[in-house]
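Trainee: For reference, the structure I am asking about is given below.
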Amino acid sequence: MIANLIGVGYWGSFIYKTLKDTGFKTINLCDPKVPGACTNYKKMDQAEFVFVATPVSSHFEICEHFLSQGKRVFCEKPLTATAKEAEELYKIAEKHNTYLFVDWVFTYNYGVELIKQYVKDKENKGNPIAHAYMQRKNTRINHITDINAKLDLAGHDISVLLTLTDQIVMAVKWTEYRKDSKSPYTDSAIGNLKFGRFDAIVDVSWYNPYKARESVIKFTNDEYVIWNDANQTVAFQDNFRDKPLTISYAAHASPLERAIKQFLILNNTSYQKQKDLTLSILRILNNDSD
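Everything in the sequence shown is counted per my numbering, starting at 3 for the first residue and increasing by one.
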């Protein structure tokens with residue numbers, strides 16, 4: 003298999019390693035900062051699969067170029083800054099009978115799969131989600147150059163929430179602010195998402211005293227799940243247990259590896275599901291959920 007990878011920075015380096023581990027024999031690179039790599043993506047060698055890991059402001063132009071050639075494109079999140087731009091890229095993909103895929107990698111996280119099954123079991127027993135608090139915070143971030151913390155981080159947790167429930171977001175309110183007064187973009191945000199039968203808080207920041215990747219999902223019978231992706235554990239607190247049952251999923255395949263493998267076997271059904279997820283996330287981020 004042959005792939006073109008545009009952008010070999012922070013996330014692109016992870017993609018490059020994962021492509022090698024996945025079995026790609028030839029990976030053509032395009033990045034002006036990489037010695038010997040191509041500097042113009044329009045002059046890259048032909049490849050069936052294209053991976054885009056560049057600043058968000060360049061995603062539309064790069065994806066449009068390769069989709070118009072009928073290439074399958076895997077783009078890092080967020081696909082674009084607005085749902086309108088994303089819709090246009092999907093139209094281009096469908097016009098040229100190809101697929102566009104966005105790496106919402108946490109939807110391929112094994113811990114999320116455990117929680118999804120638990121949520122389904124609770125709903126079947128009449129104990130659906132009552133509330134969710136999703137926290138994603140970094141100590142500092144230096145590789146983001148053209149979007150704010152909401153667009154960079156919150157999409158992950160929205161993708162997880164939309165994976166865990168079939169309910170749609172009825173309303174959303176975002177509060178964005180700066181913890182660092184010198185930050186060129188808002189570096190923190192809190193979102194209040196109102197689903198059909200429960201509310202969820204999404205709390206993100208680039209500036210925090212410690213790295214936080216913890217979410218708490220509470221059910222109507224007061225049982226709850228704690229997902230800590232920093233140490234790769236899920237803790238289930240049922241009413242009949244004195245203490246939570248904690249399961250580690252560190253030994254499972256990386257979410258990025260699973261996402262890439264899904265991209266390689268994408269079909270019309272999985273493509274449509276991925277497209278719907280991406281557009282839903284962007285509409286929520288753009289305060290256009292309803």
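The beta carbon of each residue, even a glycine, is placed where N, CA and C say it ideally should be.
Using the C-alpha atoms, what's the distance from residue 8 back to residue 37?
Mentor: As a position in the sequence shown, residue 37 is number 35, starting the count at 1. As a position in the sequence shown, residue 8 is number 6, starting the count at 1. Rounded to the nearest angstrom, the two C-alpha atoms are 14 Å apart.
Trainee: Looking at C-alpha atoms only, which residue of 94, 165, 78 and 151 is the closest neighbour of residue 121?
Mentor: Residue numbering aside, residue 121 sits at position 119 when the sequence shown is read from its first letter. Nearest of 94, 165, 78 and 151 to residue 121, Cα basis: 165.
Trainee: By the three-class DSSP mapping on this structure, what secondary structure does residue 14 have?
Mentor: Residue 14 sits at position 12 when you count from the first residue of the sequence shown. The answer is helix: DSSP assigns residue 14 an H, G or I state.
Trainee: Between the stretch 120-136 and the stretch 94-103, do three or more beta carbon pairs fall short of 8 Å?
Mentor: The stretch 120-136, when compared against the stretch 94-103, does not touch it at the 8 Å Cβ threshold.
Trainee: Please determine, among 282, 257 and 280, the residue with the shortest C-alpha to C-alpha distance to residue 24.
Mentor: Taking the sequence shown and counting its residues from 1, the one referred to as residue 24 is at position 22. With distances taken between Cα atoms, residue 24 lies closest to 257.
Trainee: Assuming residue 263 is part of the beta strand (DSSP E), what are its boundary residues?
Mentor: Translated into the one-based positions of the sequence shown, residue 263 becomes position 261. Unbroken run through residue 263 is the alpha helix (DSSP H), 257-266; no beta strand (DSSP E).
Trainee: Looking at residue 199 and residue 239, is the spacing between their C-beta atoms short of 8 Å?
Mentor: Start at 1 with the first residue of the sequence shown, and residue 239 comes out as number 237. Start at 1 with the first residue of the sequence shown, and residue 199 comes out as number 197. No, these two residues do not count as a Cβ contact at 8 Å.
Trainee: Locate the alpha helix (DSSP H) running through residue 113, then write down its first and last residues.
Mentor: Your numbering for residue 113 matches position 111 in the sequence shown. Residue 113 -> alpha helix (DSSP H) spans 112-126.
Trainee: How is residue 178 classed by DSSP in three states: helix, strand or coil?
Mentor: Position 176 of the sequence shown holds residue 178. Reduced to three states, the DSSP call for residue 178 is strand.
Trainee: Is the stretch 65-85 touching the stretch 180-199 in the sense that three or more CB pairs, one from each, lie closer than 8 Å?
Mentor: Contact between the stretch 180-199 and the stretch 65-85 is absent, because fewer than three Cβ pairs lie under 8 Å.
Trainee: Residues bridged to residue 216 by DSSP?
Mentor: Taking the first residue of the sequence shown as position 1, residue 216 is located at position 214. Paired residues: 137 and 230.
Trainee: For residue 154 and residue 79, I'd like the C-alpha separation in whole angstroms.
Mentor: On the sequence shown, position 152 is the one that residue 154 refers to. On the sequence shown, position 77 is the one that residue 79 refers to. The straight-line gap from Cα to Cα measures roughly 8 Å.
Trainee: Can you name, in chain order, every residue of its own chain whose Cβ lies under 7 Å from the Cβ of residue 280, other than the five neighbours on each side?
Mentor: The residue you call residue 280 lines up with position 278 of the sequence shown. Once the five neighbours on either side are set aside, the close Cβ partners of residue 280 are 81, 88 and 104.
Trainee: Counting only the same chain and skipping the five closest in sequence on each side, list residues whose C-beta sits under 6 Å from that of residue 28.
Mentor: As a position in the sequence shown, residue 28 is number 26, starting the count at 1. 4.
Trainee: Just checking my contact of residue 215 with residue 142 at CB under 8 Å: how many whole Å lie between their CB atoms?
Mentor: On the sequence shown, position 213 is the one that residue 215 refers to. On the sequence shown, position 140 is the one that residue 142 refers to. That pair is no contact at about 15 Å.
Trainee: Can you give me the Cβ contacts of residue 202 inside the same chain, cut-off strictly under 6 Å, excluding the 5 residues immediately before and after it?
Mentor: Here residue 202 refers to the residue found at position 200 of the sequence shown. So the list reads 134, 163 and 195, once near-sequence residues are dropped.
Trainee: Return the first residue and the last residue of the alpha helix (DSSP H) that residue 165 is part of.
Mentor: As a first step, residue 165 is located in the sequence shown; it is residue number 163 there, counting from the start. Counting along the chain, the alpha helix (DSSP H) containing residue 165 begins and ends at 157-166.
Trainee: Per DSSP, what kind of secondary structure is residue 196 in: helix, strand or coil?
Mentor: What you label residue 196 is simply residue 194 of the sequence shown in a count that begins at 1. Residue 196 falls in the strand class under three-state DSSP.
Trainee: For a quick check, are the C-beta atoms of residue 286 and residue 117 less than 8 Å apart?
Mentor: Counted from its first residue, the sequence shown places residue 286 at position 284. Counted from its first residue, the sequence shown places residue 117 at position 115. In this structure, residue 117 does not lie closer than 8 Å to residue 286 by Cβ.
Trainee: Should residue 18 go down as buried or exposed, given a rule of 16 or more other Cβ atoms within 10 Å for buried?
Mentor: Here residue 18 corresponds to residue number 16 of the sequence shown, with the count starting at 1. Buried, since its Cβ has 16 or more Cβ neighbours within 10 Å.
Trainee: Between the alpha carbons of residue 21 and residue 265, how many angstroms are there, rounded?
Mentor: Numbered from its first residue, the sequence shown carries residue 21 at position 19. Numbered from its first residue, the sequence shown carries residue 265 at position 263. Whole-angstrom Cα-Cα distance: 12 Å.
Trainee: Can you give me the C-alpha to C-alpha distance between residue 43 and residue 226, rounded to a whole angstrom?
Mentor: As a working mapping, residue 43 is identified with position 41 in the sequence shown. As a working mapping, residue 226 is identified with position 224 in the sequence shown. One C-alpha to the other measures close to 48 Å.
Trainee: DSSP three-state call for residue 108: helix, strand or coil?
Mentor: Position 106 of the sequence shown, counted from the start, is the residue given in the question as residue 108. Residue state, collapsed to three classes: helix.
Trainee: In three-state DSSP terms, what is residue 292?
Mentor: Within the sequence shown, the letter at position 290 stands for residue 292. The predicted position of residue 292 is uncertain, since its pLDDT is 41 and thus under 50; a value taken from the coordinates is nonetheless stated next. DSSP places residue 292 in coil when its eight states are reduced to three.
Trainee: So residue 317 and residue 75 are in contact, right, with Cβ under 8 Å, and what is the actual spacing, rounded?
Mentor: For the chain, the structure presents residues 3 to 292; residue 317 sits outside this window and is missing.
Trainee: I'd like the ranges of any alpha helix (DSSP H) spanning at least 4 consecutive residues and lying wholly in the stretch 21-89.
Mentor: Runs of the alpha helix (DSSP H) inside the stretch 21-89: 58-69.
Trainee: With a threshold of 6 Å on Cβ separation, who are the neighbours of residue 111 within its own chain once the five nearest residues in sequence on each side are excluded?
Mentor: In the sequence shown, residue 111 corresponds to position 109, counting from 1. Taken in chain order, the residues that qualify are 257.
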